[in-house]
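Novice: Numbering (the working numbering), first residue to last: 14 to 188.
Where a beta carbon is used, it is the ideal one built from N, C-alpha and C, also for glycine.
(1) Per DSSP, what kind of secondary structure is residue 141 in: helix, strand or coil?
(2) Helix, strand or coil: which one does DSSP assign to residue 50?
(3) Alpha carbon to alpha carbon, how far is residue 100 from residue 92? Give it in angstroms, no decimals.
(4) Restricting to runs no shorter than 4 residues, where is the alpha helix (DSSP H) found entirely within the region 80-135?
(5) Specify whether the region 119-126 and the region 147-167 touch according to this definition: at least 3 beta carbon pairs, one from each stretch, less than 8 Å apart.
(6) Taking 9 Å as the CB-CB cut-off, is residue 150 touching chain D?
(7) Just curious, the alpha helix (DSSP H) that residue 186 is in, first and last residue?
(8) Decide if residue 61 is buried, meaning its Cβ has at least 16 other Cβ atoms within 10 Å, or exposed.
(9) Taking the alpha carbon of residue 111 as the reference point, which residue from 65, 146 and 83 has its own alpha carbon closest?
(10) Give the secondary structure of residue 63 by DSSP, where H, G and I count as helix, E and B as strand, and everything else as coil.
(11) Classify residue 58 as helix, strand or coil using the three-state DSSP reduction.
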């Protein structure tokens, strides 16, 4: 009986981490949408999604502002690509490595991100990440961009970019 329970536990654990070879990413984490956007989780994407580009940014981050033209152009170029999902997740520099007492509230993150979205006329859906969300994906600064490709057992991290990203780098990463 113990071996059956142990095997079931191992099987359950294996399926939980099989979505990515990078086990440090909490693949079941849900990032709440704002401004009418849906919530996002890697494990909740439709089967026809083959590529996922996840960009973490902070409105209080100058390099994040610099990469906006590249992200907007990439989103516009890939908007009709139904096998690709572009995800933009807003947070704050005050959420990175923040302790419980210093952590910025999600409501404040969303307020700042909404102003940023309006300032830069961002047309793509937005999600939010608080300090716990950032820790669950080990985001250590901004901007950070993750590119996932669907494999036999779920999504696999294909590439991670730390710092500003160019439109050309994004297109190259999804080839």
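Specialist: The answer reads as follows:
(1) In this structure, residue 141 counts as strand in the three-state DSSP scheme.
(2) DSSP, read as helix, strand or coil, puts residue 50 in coil.
(3) Looking at the two C-alpha atoms, the distance is approximately 12 Å.
(4) Positions of the alpha helix (DSSP H) runs, each at least 4 residues long and wholly inside the region 80-135, are given as 81-91 and 119-132 in order along the chain.
(5) Touching, no, given that fewer than three Cβ pairs across the two stretches are closer than 8 Å.
(6) Note that chain D does not occur in the displayed structure, where there is just one protein chain.
(7) In the DSSP assignment, residue 186 falls within the unbroken alpha helix (DSSP H) covering 180-186.
(8) The residue in question, residue 61, is exposed, as its Cβ has fewer than 16 Cβ neighbours within 10 Å.
(9) Nearest C-alpha to residue 111 among 65, 146 and 83: 146.
(10) Residue 63: coil per DSSP, three-state reduction.
(11) Residue 58 falls in the coil class under three-state DSSP.
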